[in-house]
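Going line by line, the protein sequences match chains A and B. The numbers in the first sequence follow our numbering, run straight up by one, and end at 562. The numbers in the second sequence follow our numbering, run straight up by one, and end at 156. Here a beta-carbon is modelled for each residue, glycine too, at the ideal position from N, C-alpha and C. Report on the following structure.
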Amino acid sequence: MIPLRIGSRGPEVARLQVFLNKHLQGPTLKVDAVFGPRTEAAVKRYQASVGIGADGIAGVKTWDALERGVMDCRDASHPLPTTSHNAPWLIVATREIGQSELDGAMHNPRILRYHSTTSLRATSDEVPWCSAFVNWCLRQVGIAGTNSAAARSWLHWGKASVPMAGAIAIMHSDKGDTHVAFSLSETRDHFVLLGGNQHDEVRRSLYGKRHWQSLGYRWPIH
Amino acid sequence: MFIRAAAMTLILLFSVTSYADDNQEAQTYWSRFRRAVLDHENETIASMTKFPLWVRGTVDGDPVICYSRKDFDLILKRLLDQQVVVSDRDRVEIKTMLQVIKDKKQLTSSDFRAPNHVRVELFRFDKIKGTWLLTRGYLEE
């Protein structure tokens, strides 16, 4: 990839300008395929917002971040992706938000349905159910998952993916916990995931990069 | 057509009114709780909290820490200052819990996980012996 800088011209510059307009707040850049001072300023602003050295040159790291959809979400008004056109399982997962563990001897029947998609077939909503939730969501759109209750079972499932909305994210914490959920986005400080057994329910959660690292992202093989 | 529309409106109004009646106590509690949070009245918030307060991180493996009234002010600040992902119609945003509480004037049916159990993002409230209380706080990290 040829780095784009001030003076560059052509369709790749136009593509860059479209990406910048998508990912940045504030004035919209004119998509004229000319890398001028305004495009350079926008590149610097984007680089700074996502923690890349702000040199105003769209090189490998900048393109990678733009194509992965990395956005600066410190601005509370900046919308995060809610779904992905090619990940119908995200729509299924979103509909489940709010399904929550119940107290004591009672178990949420919906969570037991999630459990029924794994070989463990747990009968309690106290048994970790993040992997069961991913299996269940995929099954609803006709995709066979790992059928395992273990988050790590997803490490070699499907094919490797970049971190993008809908990808299955396998996470590991510095305390030794492993978790699996659907990736929504990534900010400078957080992974944004939609999953089950996040604070005892299905919800969107932030996983701080100080304590969590991704072990991999996977995508179904259609 | 008009009669059908009117009937549908009446049914809808009846459902909403019924729901509001059923959950009026929770709404009254929430309004007081919200006001106390926005006014930084920690004593009032504490009086609406079950002690020891159960606090845990994201995953089951995170340790549960129970806070007494003595340590409540500090953990309350941490719980309110933390960022959470929230959705409002088609928008998904990151806000602090304080902002979530500020923006949430009314409880909705989706906040009720069970008849006596309400979740507002990372705060959990339960009706215990006829009284609504803050019973759990979750931390994002």
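Within the continuous beta strand (DSSP E) that includes residue 151 of chain B, where are the two ends? 146-153
Buried or exposed for residue 55 of chain B, going by 16 or more other Cβ atoms inside 10 Å? exposed
With DSSP collapsed to three states, give me the class of residue 362 of chain A. helix
Quick one: give me the first and last residue of the alpha helix (DSSP H) that residue 512 of chain A is part of. No alpha helix (DSSP H) contains residue 512 of chain A, which is instead part of the beta strand (DSSP E) from 508-513.
Candidates B/76, B/125 and B/98: which alpha carbon is nearest residue 563 of chain A's? As displayed, chain A neither begins before 341 nor continues past 562, which places residue 563 of chain A out of reach and without an answer.
Can you name the residues of chain A whose CB is closer than 7 Å to the CB of residue 153 of chain B? 539
Please report whether the beta-carbon of residue 419 of chain A lies at a distance below 8 Å from any beta-carbon of chain B. Since pLDDT at residue 419 of chain A reaches only 47, below the 50 mark, its modelled position is unreliable, and no value is offered.
For residue 464 of chain A and residue 453 of chain A, what's the separation of their Cα atoms in angstroms? 11 Å
C-alpha gap between residue 407 of chain A and residue 148 of chain B, whole angstroms: 46 Å
Among B/42, B/114 and B/151, which residue has its Cα nearest to the Cα of residue 96 of chain B? B/114
Assigned exposure category for residue 309 of chain A - 16 Cβ within 10 Å defines buried: Past the boundaries of the shown model lies residue 309 of chain A; chain A is included only from 341 to 562, so the question cannot be answered.
Who are the Cβ neighbours of residue 398 of chain A in its own chain at under 6 Å, not counting the five residues just before and after it? 344, 356 and 383
Selection from B/102, B/60, B/110 and B/101 that minimises the alpha carbon distance to residue 91 of chain B: B/60
Flag residue 73 of chain B as yes if its beta-carbon sits less than 8 Å from any beta-carbon of chain A, otherwise no. yes
Exposed or buried, what is residue 545 of chain A when buried is set at 16 or more other beta-carbons lying within 10 Å of its beta-carbon? buried
DSSP has residue 143 of chain B in a bridge; who is on the other side? B/146
Measure how close the beta-carbons of residue 143 of chain B and residue 85 of chain B come, nearest whole angstrom, since I'm counting them as under 8 Å. That pair is no contact at about 21 Å.
What are the residues that DSSP puts in a beta bridge with residue 445 of chain A? BP columns for residue 445 of chain A are empty, so no partner.
What are the boundary residues of the alpha helix (DSSP H) that residue 90 of chain B is part of? 87-96
Would you decide whether residue 112 of chain B is buried or exposed? Buried here means 16 or more other CB atoms lie within 10 Å of its CB. buried
Opening and closing residue of the beta strand (DSSP E) in which residue 537 of chain A lies: 530-538
How about residue 151 of chain B and residue 69 of chain B: are their beta carbons less than 8 Å apart? yes
Who are the neighbours of residue 532 of chain A on chain B, taking C-beta pairs under 7 Å? 100
Mark residue 468 of chain A as exposed unless 16 or more other C-beta atoms lie within 10 angstroms of its C-beta, in which case mark it buried. buried
If you run the structure through DSSP and keep just helix, strand and coil, what is residue 550 of chain A? coil
Whether or not the region 496-504 of chain A and the region 554-562 of chain A are in contact is what I'm after, with contact meaning three or more pairs of Cβ atoms, one per stretch, closer than 8 Å; do they touch? yes
How far does the alpha helix (DSSP H) with residue 375 of chain A in it extend, from its first residue to its last? Note, residue 375 of chain A: premise wrong, no alpha helix (DSSP H); not H, not E.
So residue 428 of chain A is in the alpha helix (DSSP H); what residue range does that whole segment cover? 428-435
Taking DSSP as the reference, what is the three-state secondary structure of residue 60 of chain B? helix
Taking the Cβ atom as the reference point for each residue, do residue 494 of chain A and residue 525 of chain A lie within a distance shorter than 8 Å? no
Reduced DSSP category for residue 461 of chain A - H, G, I as helix; E, B as strand; rest coil: coil
Assigned secondary structure, residue 159 of chain B (DSSP; H/G/I helix, E/B strand, else coil): Nothing in the structure corresponds to residue 159 of chain B, since chain B is present only between 16 and 156.
Just to check my reading of the structure: residue 485 of chain A and residue 457 of chain A have Cβ atoms closer than 8 Å, yes? What is that Cβ distance to the nearest angstrom? 7 Å
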